[in-house]
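Peer 1: Residue 497 in my numbering is what sits at position 484 of the sequence shown, and the numbering runs on without skipping anything. Below is one structure. I have some questions about it.
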Amino acid sequence: MKQTWWKESVVYQIYPRSFYDSNGDGIGDLRGIIEKLDYLAALGVDVVWLCPVYRSPNDDNGYDISDYQDIMPEFGTLLDWEELLAGMHQRGIRLIMDLVVNHTSDEHPWFAQSRASKESAYREYYIWRDGQDGREPNNWASFFGGSVWQYDDASAQYYLHLFSKKQPDLNWENPQLRAEIYAMMHWWLRKGVDGFRMDVINMISKAPGLPDAPQVTGDRYQFGGQYFINGPRLHEFLAEMKREVLSKYDVVTVGETPMVTTEHGIALTHEELGHLNMLFQFEHMGIDEDPGATLSRRSIWPWRLRDLKQVMTRWQKDLAGKGWNSQYLTNHDMPRAVSRFGDDGQYRVESAKLLATFLHMLHGTPYIYQGEEIGMTNVKFPSIQDYRDIETLNIYREFVEDKGVAPEAAMAIIHAKSRDNARTPIQWDASAHAGFTTGTPWIKVNPNYEEINVQQALNDPNSIFAYYQQLIRLRKSNPIIVYGTYDLILEEHEQIYAFTRSWQAERLLIMLNFSKDPSDFMLPPEVPFATKELLISNYAVAAAEDIRQLTLRAFEARVYRLR
Ligand code: TEU
Ligand code: CA
14 MKQTWWKESV
24 VYQIYPRSFY
34 DSNGDGIGDL
44 RGIIEKLDYL
54 AALGVDVVWL
64 CPVYRSPNDD
74 NGYDISDYQD
84 IMPEFGTLLD
94 WEELLAGMHQ
104 RGIRLIMDLV
114 VNHTSDEHPW
124 FAQSRASKES
134 AYREYYIWRD
144 GQDGREPNNW
154 ASFFGGSVWQ
164 YDDASAQYYL
174 HLFSKKQPDL
184 NWENPQLRAE
194 IYAMMHWWLR
204 KGVDGFRMDV
214 INMISKAPGL
224 PDAPQVTGDR
234 YQFGGQYFIN
244 GPRLHEFLAE
254 MKREVLSKYD
264 VVTVGETPMV
274 TTEHGIALTH
284 EELGHLNMLF
294 QFEHMGIDED
304 PGATLSRRSI
314 WPWRLRDLKQ
324 VMTRWQKDLA
334 GKGWNSQYLT
344 NHDMPRAVSR
354 FGDDGQYRVE
364 SAKLLATFLH
374 MLHGTPYIYQ
384 GEEIGMTNVK
394 FPSIQDYRDI
404 ETLNIYREFV
414 EDKGVAPEAA
424 MAIIHAKSRD
434 NARTPIQWDA
444 SAHAGFTTGT
454 PWIKVNPNYE
464 EINVQQALND
474 PNSIFAYYQQ
484 LIRLRKSNPI
494 IVYGTYDLIL
504 EEHEQIYAFT
514 RSWQAERLLI
524 MLNFSKDPSD
534 FMLPPEVPFA
544 TKELLISNYA
554 VAAAEDIRQL
564 TLRAFEARVY
574 RLR
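Set out below in structure tokens:
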């Protein structure tokens, strides 16, 4: 496969509202990021993906955009943004912006005009339909609860919104709308952005007729994903976007694509024929969801290592030599990785390092979510009043008020799965509000900030942060980490996830004990070697140890180079 910068890069995701507040209003901002650029450079990341910073009424924290070509005043100005970009480029860091074009805010001028008149050219920018017998045009459920349809009194029609009612879906069938989006993308690219992360990009094409979803549960509204995920014109639209816009720049694109198979993944990211460079698949984020649940983050389910191995191995093997994977263990929509897949108590440091090893040693571009590099954990706010996320608040209301679920049971799901787990402010130091703000933060900080914070991490040579630095350095000096072939070993092992990476005459052996209990490792005969060299480990390891047979300690992780 071709060797390119975005395969060799490590990406860092910033959720600006929670990163760093420069002016004491309790809200993270662009000048806050500018102040912390040396921190990102010290970590060693090559690319930053910045979550939306555009003008927005913040119904969904910036994923509801009212002006694509301006900055949200709470975050700063376009001049601040230009300074941020320049500061990143000076440090050799590229910038990926979030492209949210499945929907806009209902406060976007396009929607205001669309709503104002059925005769307006903007009417066709969105998806308007008549009701059916006094009810919604179909039975689809919104991701955030309730119907996807909102009735508009003035025109006596409904508009479609897959997310909140303040996020009306754009009508990609309309070529004029598509041309406006491409013009907007050119505007950012001419300013020097290095790529886009494309929000729910595989939902932009809806099936003609918008048919009812099959009645699977007893609920009034049903998940209609089969009619709007990977829809009929998706590839056509993306091909056009590539032809009209992306092919003219040396940029990277990563599609956020829930519910894709590896076949979709190959088609979307194929080195010659694909229209995107890589994508975020969600299968491994589903291993702890009730298999009967259709919408994420509404259930708790014990996950098994064998499911993680199975999902990751399928993506590794199927895309090999064809498309390109991106790797992530958390993001702004997910619980914290160490709480979900590791141990956020006694073995927090060990298990965070194990997960970091896993993330960086898989084939694909690693994405680090802010705070992951210091092992930030989930939060258990006692009251629903402490939560800010629209999805979390809707789930609570739906469960407790509509379905009569006990508040404690609803809170247990929220503690495990709420998106706010990842949205508490970055813990910079042990001072008030974790040094995030001198004012009152928009969401409370995690009470564990006195122990877990950046200042502590920077002063400790054995910190999780130092371990991430080491992993990133290893990637720079070992092309096998970027380009090597992945093979799973010890497939049936219940505690240990082990695999190899092979490239030219070299092999890496990665051993990960995903358990609190010591676990026995036996090197299978298909991995012969003459010499071994330890590249990284999260415990002290004796050089003379025989790696053919050994016992791994709680959450122990090691990487060897074998020759
Ligand atoms: O998320 C899309 C989305 O639906 C995810 O919330 C979810 O994780 C996925 O479907 C897996 O089941 C994106 C943004 O990341 C999120 O913050 C926004 O709220 C949403 O789109 C709407 O823009
Ligand atoms: Ca601020």
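Note that the Cβ used here is the ideal one computed from N, Cα and C, for glycine as well.
Quick one, which of 316, 363, 512 and 62 has its alpha-carbon nearest residue 477's?
Peer 2: If you number the sequence shown from 1, residue 477 lands on position 464. For residue 477, the nearest C-alpha among the options comes from 363.
Peer 1: With a CB to CB cut of under 6 Å and the five nearest residues on each side skipped, what residues in its chain are close to residue 391?
Peer 2: Here residue 391 corresponds to residue number 378 of the sequence shown, with the count starting at 1. Counting only Cβ-Cβ distances below 6 Å, and skipping sequence neighbours, we find 348, 349, 352 and 434.
Peer 1: If residue 60 sits next to residue 107, beta carbons under 8 Å apart, how far is it from one beta carbon to the other, in whole angstroms?
Peer 2: Counting from 1 along the sequence shown, the entry for residue 60 is found at position 47. Counting from 1 along the sequence shown, the entry for residue 107 is found at position 94. Right, the Cβ-Cβ distance comes to about 5 Å (below 8 Å), so this counts as a contact.
Peer 1: Out of 320, 299 and 318, which has the shortest C-alpha to C-alpha gap to residue 310?
Peer 2: Residue numbering aside, residue 310 sits at position 297 when the sequence shown is read from its first letter. Considering only alpha carbons, the answer is 299.
Peer 1: Looking only at C-alpha atoms, which of 445, 371 and 190 sits nearest to residue 485?
Peer 2: For the purposes of this step, residue 485 is taken as the residue at position 472 of the sequence shown. The candidate whose alpha carbon is nearest that of residue 485 is 371.
Peer 1: To the nearest angstrom, report how far apart residue 561 and residue 534 are at their CA atoms.
Peer 2: Along the sequence shown, one-based indexing puts residue 561 at 548. Along the sequence shown, one-based indexing puts residue 534 at 521. If you take the alpha carbons of residue 561 and residue 534, they lie about 8 Å apart.
Peer 1: May I ask you to verify whether the region 173 to 186 touches the region 145 to 165, counting CB pairs closer than 8 Å and requiring at least 3?
Peer 2: Counting Cβ pairs under 8 Å, three or more are found: they touch.
Peer 1: Between which two residues does the beta strand (DSSP E) harbouring residue 261 extend?
Peer 2: For this step, residue 261 is matched to residue 248 along the sequence shown. Careful: residue 261 lies outside any beta strand (DSSP E) and carries neither H nor E.
Peer 1: For residue 329 and residue 28, I'd like the C-alpha separation in whole angstroms.
Peer 2: Counting from 1 along the sequence shown, the entry for residue 329 is found at position 316. Counting from 1 along the sequence shown, the entry for residue 28 is found at position 15. Whole-angstrom Cα-Cα distance: 28 Å.
Peer 1: Going by DSSP in three states, residue 80 sits in which element: helix, strand or coil?
Peer 2: Position 67 of the sequence shown holds residue 80. Strand.
Peer 1: Is DSSP giving residue 25 helix, strand or coil here?
Peer 2: Indexing the sequence shown from 1 puts residue 25 at position 12. DSSP places residue 25 in strand when its eight states are reduced to three.
Peer 1: In terms of residues, what are the limits of the alpha helix (DSSP H) holding residue 53?
Peer 2: Indexing the sequence shown from 1 puts residue 53 at position 40. Start and end: 50 to 56.
Peer 1: Compute the Euclidean distance between the alpha carbons of residue 133 and residue 124, then round it to the nearest angstrom.
Peer 2: For this step, residue 133 is matched to residue 120 along the sequence shown. For this step, residue 124 is matched to residue 111 along the sequence shown. Going from the Cα of residue 133 to the Cα of residue 124 covers about 11 Å.
Peer 1: Cβ of residue 78 within 6 Å of any heavy atom in ligand 2?
Peer 2: Within the sequence shown, the letter at position 65 stands for residue 78. No.
Peer 1: Taking only three categories from DSSP, how would you classify residue 60?
Peer 2: Working through the sequence shown from its first residue, we reach residue 60 at position 47. DSSP places residue 60 in strand when its eight states are reduced to three.
Peer 1: Can you tell which of 445, 214 and 204 has the C-alpha that lies nearest to the C-alpha of residue 246?
Peer 2: For the purposes of this step, residue 246 is identified with residue 233 of the sequence shown, where counting begins at 1. When each option's Cα is compared against that of residue 246, the closest is 214.
Peer 1: Taking the straight line between their C-alpha atoms, what separation do you get for residue 414 and residue 513?
Peer 2: Counting from one through the sequence shown, the residue named residue 414 turns up at place 401. Counting from one through the sequence shown, the residue named residue 513 turns up at place 500. Straight-line Cα distance between these residues: approximately 50 Å.
Peer 1: In three-state terms, what does DSSP make of residue 578?
Peer 2: As displayed, the chain neither begins before 14 nor continues past 576, which places residue 578 out of reach and without an answer.
Peer 1: Taking only three categories from DSSP, how would you classify residue 235?
Peer 2: Indexing the sequence shown from 1 puts residue 235 at position 222. It is a strand residue.
Peer 1: Report all residues from its chain with a CB closer than 7 Å to the CB of residue 385; omit the five preceding and five following residues, and keep chain order.
Peer 2: Start at 1 with the first residue of the sequence shown, and residue 385 comes out as number 372. Correct list, in chain order: 343 and 350.
Peer 1: Mind reading off the beta-carbon distance from residue 593 to residue 187? Whole number of angstroms is fine, and I expect it under 8 Å.
Peer 2: What the structure shows of the chain is the stretch from 14 to 576, and residue 593 is not part of that stretch, so it cannot be assessed.
Peer 1: Is it the case that the Cβ atoms of residue 455 and residue 448 are separated by a distance below 7 Å?
Peer 2: Residue numbering aside, residue 455 sits at position 442 when the sequence shown is read from its first letter. Residue numbering aside, residue 448 sits at position 435 when the sequence shown is read from its first letter. Contact: no.
Peer 1: Could you name the residues, in chain order, whose CB is less than 5 Å away from a heavy atom belonging to ligand 2?
Peer 2: Selection output, chain order preserved: 34, 36, 38, 40 and 42.
Peer 1: So is the beta-carbon of residue 309 under 6 Å away from any non-hydrogen atom of ligand 1?
Peer 2: Taking the sequence shown and counting its residues from 1, the one referred to as residue 309 is at position 296. Checking the Cβ of residue 309 against ligand 1 gives yes.
Peer 1: Can you grab the Cα-Cα spacing for the pair residue 526 / residue 340, in whole Å?
Peer 2: As a position in the sequence shown, residue 526 is number 513, starting the count at 1. As a position in the sequence shown, residue 340 is number 327, starting the count at 1. Using only the alpha carbons, I get a separation of about 19 Å.
Peer 1: Below 6 Å CB to CB, which residues in the same chain sit around residue 141 once its five sequence neighbours on both sides are set aside?
Peer 2: As a working note, residue 141 is residue 128 in the sequence shown. Correct list, in chain order: 170 and 172.
Peer 1: Compute the Euclidean distance between the alpha carbons of residue 64 and residue 265, then round it to the nearest angstrom.
Peer 2: Within the sequence shown, numbered from 1, the residue matching residue 64 stands at position 51. Within the sequence shown, numbered from 1, the residue matching residue 265 stands at position 252. Their backbone Cα atoms lie some 15 Å apart in a straight line.
Peer 1: At a cut-off of 6 Å, would you count residue 156 as near ligand 1, judging by its Cβ distance to the nearest heavy atom?
Peer 2: Looking up residue 156 in the sequence shown gives position 143. Flag set: Cβ of residue 156 near ligand 1.
Peer 1: Consider the C-beta atom of residue 32 and the heavy atoms of ligand 1; say whether any pair is separated by less than 6 Å.
Peer 2: Looking up residue 32 in the sequence shown gives position 19. The answer is no for residue 32.
Peer 1: For the alpha helix (DSSP H) that contains residue 477, what are its first and last residues?
Peer 2: As a working note, residue 477 is residue 464 in the sequence shown. Here the alpha helix (DSSP H) through residue 477 covers 477 to 490.
Peer 1: My understanding is that residue 575 touches residue 542, with C-beta atoms under 8 Å, so please give their C-beta distance in whole angstroms.
Peer 2: Numbered from its first residue, the sequence shown carries residue 575 at position 562. Numbered from its first residue, the sequence shown carries residue 542 at position 529. With 8 Å as the limit, residue 575 and residue 542 qualify as a contact, their Cβ atoms being about 4 Å apart.
Peer 1: If we count the other Cβ atoms within 10 Å of its Cβ and call it buried at 16 or more, is residue 269 buried or exposed?
Peer 2: Here residue 269 is taken as the residue at index 256 of the sequence shown, counted from 1. It counts as buried.
Peer 1: In its own chain, which residues sit with a C-beta less than 6 Å from the C-beta of residue 522, not counting the 5 before and 5 after it?
Peer 2: Within the sequence shown, numbered from 1, the residue matching residue 522 stands at position 509. Correct list, in chain order: 513, 573 and 575.
Peer 1: Among 399, 292 and 457, whose alpha-carbon lies nearest the alpha-carbon of residue 378?
Peer 2: In the sequence shown, residue 378 corresponds to position 365, counting from 1. Among 399, 292 and 457, the Cα nearest to that of residue 378 belongs to 292.
Peer 1: Should residue 72 be counted as a contact of ligand 1 given a C-beta to heavy atom distance under 6 Å?
Peer 2: What you label residue 72 is simply residue 59 of the sequence shown in a count that begins at 1. For ligand 1, not one heavy atom lies less than 6 Å from the Cβ of residue 72.
Peer 1: In terms of residues, what are the limits of the alpha helix (DSSP H) holding residue 320?
Peer 2: As a first step, residue 320 must be located in the sequence shown, where it is residue number 307. Where residue 320 is concerned, the enclosing alpha helix (DSSP H) stretches over 318 to 332.
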